[in-house]
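Working notes, beginning with the structure itself.
Residue numbers (the numbering used here), protein chains in the order written: chain L, 141 to 355; chain U, 141 to 355.
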C-alpha cells in the first residue's frame with residue numbers, strides 16, 4: 141500500500157515537471173518525440189537514419205538515456221546535431237526531471253526537433269510523461285508478433301508504432317500482418333510504419349511524418 | 141531518499157522470502173532456474189525446445205511471468221509439464237512472493253526442475269532473487285552485440301548467458317565474437333552457450349548443462 145502511494149506521489153511530481161517542460165517546448169516552437177522500445181529494437185539506428193536525412197534541413201537535438209555507457213550519444217555525435225547523454229545508473233526509465241536537467245545543456249534557440257531516446261524497456265517508461273508531443277514505440281519483427289498483446293500499456297500509450305527490422309521477415313516465424321492486427325487491437329487507429337534501419341527502408345516516410353507533425 | 145529507503149526495505153523482504161523458497165527447493169531436491177531477457181529474446185521458444193527434449197526424462201515445472209496474457213503458459217501446456225501463469229498486472233518483474241504463491245499450485249513432490257520465466261526486461265528483474273539456483277540471461281543476436289555493456293547489472297548477475305537467434309547472424313550487422321567479448325568483460329568466466337530456438341540448434345548442449353547441474 142505504501143509503495144503504491146509513493147508511486148502515485150512520484151508520478152504526480154513527474155507530471156508537474158513534464159507540464160513545465162511541455163510549456164517551454166511550446167514557447168520555443170520545439171517538436172519533441174519520446175522514443176521507447178525493448179533493448180536492441182533499433183532506437184539509435186533509426187535516429188542515425190533520421191539524422192542523415194534531416195540534419196541539413198532542421199535543427200535536431202537528441203537526449204539519450206542509458207543505464208550505462210555513452211555509446212549511443214557517441215554514435216549520434218557524428219551528425220550535425222546537439223546530443224546529451226543521460227546515464228541513469230541503474231534506473232529503468234527516464235523521468236521528466238532528468239530530461240529537464242539535460243535540456244540545460246542544449247541551446248533551445250537552435251532547436252526544431254528534440255528526440256528523447258528512452259532506456260530500452262517495454263514496461264517502466266510507460267507512465268513517465270517527458271513532456272513530449274509524440275510518443276513513438278519501436279518494435280522489431282524479431283521480437284515476435286505477439287508483443288503488443290503482452291505489453292499493452294506501452295503500446296496503448298504510443299501515438300505511432302514503428303515496426304523495425306522488416307528486412308529479416310523472410311527468415312522469421314513472425315507474421316507482420318498479425319503484428320499490425322495486434323497493435324490495432326491494443327490501440328485502434330494507431331499510426332503504423334514499417335522500417336529497416338539496417339537497410340534504410342521506410343525511413344523517408346518516417347521523416348515525412350515528423351516534418352508534417354512539426355508544422 | 142524516501143524512495144531509496146523503501147526500495148531497500150522491499151528488497152530485504154524479497155530476499156527473506158527468496159531464502160525461504162530456496163530452502164524448500166533444497167529439501168525437495170528441485171533444481172530451479174530464473175530465465176531473464178529482453179522482450180522477445182526467446183525465453184518461451186527455448187523452453188519449448190527444452191520441454192520437447194526433457195519432458196520424458198525429468199519432471200518439469202514452469203512458472204511464467206507476464207505483464208498481460210496467458211499466451212506463454214498456453215504455448216507450454218502442450219508438453220507433459222506443470223505450468224502456472226503469473227500475470228503481474230503492469231509490474232515489470234517477478235518477485236519472490238509471487239513465485240511463492242505460484243508454487244502452491246505446483247505438486248512439488250513431482251518436480252525435478254523448475255523454470256521461472258521472468259517478465260521481459262533487462263533492468264528491473266536484476267535485484268529480485270527468486271530463490272533460484274541458476275540465473276540464465278538470454279540475449280538475441282538481433283539486439284546488437286553491445287547489450288551486455290549497456291545493461292551490465294543483469295548480465296553480471298547471471299550464471300549462464302545464452303546467445304539466441306544465431307541462425308540470423310548472416311543477415312545482421314552484429315558480431316557474435318564481439319558480443320562474447322562484451323559478456324566476458326562484464327562477467328569474466330561467464331558460461332556462454334549459442335542457440336537458435338527457431339532451428340533447434342544448440343539446445344542439446346543447454347539441456348546437458350541443466351542435467352549436469354541438477355545432479
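C-beta: ideal position from N, C-alpha, C; glycine also.
In this structure, residue 260 of chain U sits near residue 181 of chain U, with a CB-CB distance shorter than 9 Å. Annotation for residue 354 of chain U: 171, 198, 252 and 253 place their beta carbon closer than 8 Å to its own, counting only its chain and skipping 5 residues before and after. In the three-state reduction of the DSSP assignment, residue 200 of chain L falls in the strand class, which pools E and B. If you keep only unbroken beta strand (DSSP E) runs of at least 3 residues inside the segment 163 to 200 of chain U, you get 171 to 177.
Contact residues of the segment 199 to 218 of chain L toward chain U are 206, 207, 208, 209 and 211 (C-beta to C-beta distance below 7 Å). A straight line joining the alpha-carbon of residue 234 of chain U with that of residue 323 of chain L spans about 25 Å.
Residue 242 of chain L is outside the set of residues whose beta carbon lies under 9 Å from a beta carbon in chain U. With a minimum length of 4 residues, the unbroken runs of alpha helix (DSSP H) contained wholly in the segment 312 to 337 of chain L fall at 316 to 326. In the DSSP secondary-structure assignment, residue 274 of chain L is bridged to L:173.
In the structure shown, residue 241 of chain U falls within a helical segment according to DSSP collapsed to helix, strand and coil.
Annotation: residue 162 of chain L to residue 273 of chain L spans about 8 Å, alpha carbon to alpha carbon. Chain order gives no chain L residues near residue 265 of chain U, where near means a beta carbon separation below 8 Å; the closest approach is about 10 Å. Rounded to whole angstroms, the gap between the alpha carbons of residue 225 of chain L and residue 244 of chain U is 46 Å.
Residues of the segment 333 to 349 of chain L with a Cβ closer than 9 Å to any Cβ of chain U, in chain order: 338. The secondary-structure analysis by DSSP pairs residue 255 of chain L across a beta bridge with L:173 and L:202. Secondary structure at residue 207 of chain L: coil, using DSSP grouped into helix, strand and coil. Identification of chain U residues near residue 280 of chain L by a Cβ-Cβ cut-off of 7 Å yields 282, ordered along the chain.
Following the DSSP letters along the chain, one finds residue 343 of chain L inside the alpha helix (DSSP H) bounded by residues 343 to 354. U:176 is the residue among U:335, U:164, U:176 and U:167 whose C-alpha sits nearest the C-alpha of residue 277 of chain U. When the beta-carbon positions are compared, residue 346 of chain U and residue 186 of chain U come within less than 9 Å of each other. Identification of residues in the segment 149 to 183 of chain L having a C-beta nearer than 7 Å to some C-beta of chain U yields 150, 178, 179 and 180, given in sequence order. Out of L:351, L:312 and L:317, the CA that lies nearest to the CA of residue 339 of chain U is found in L:312.
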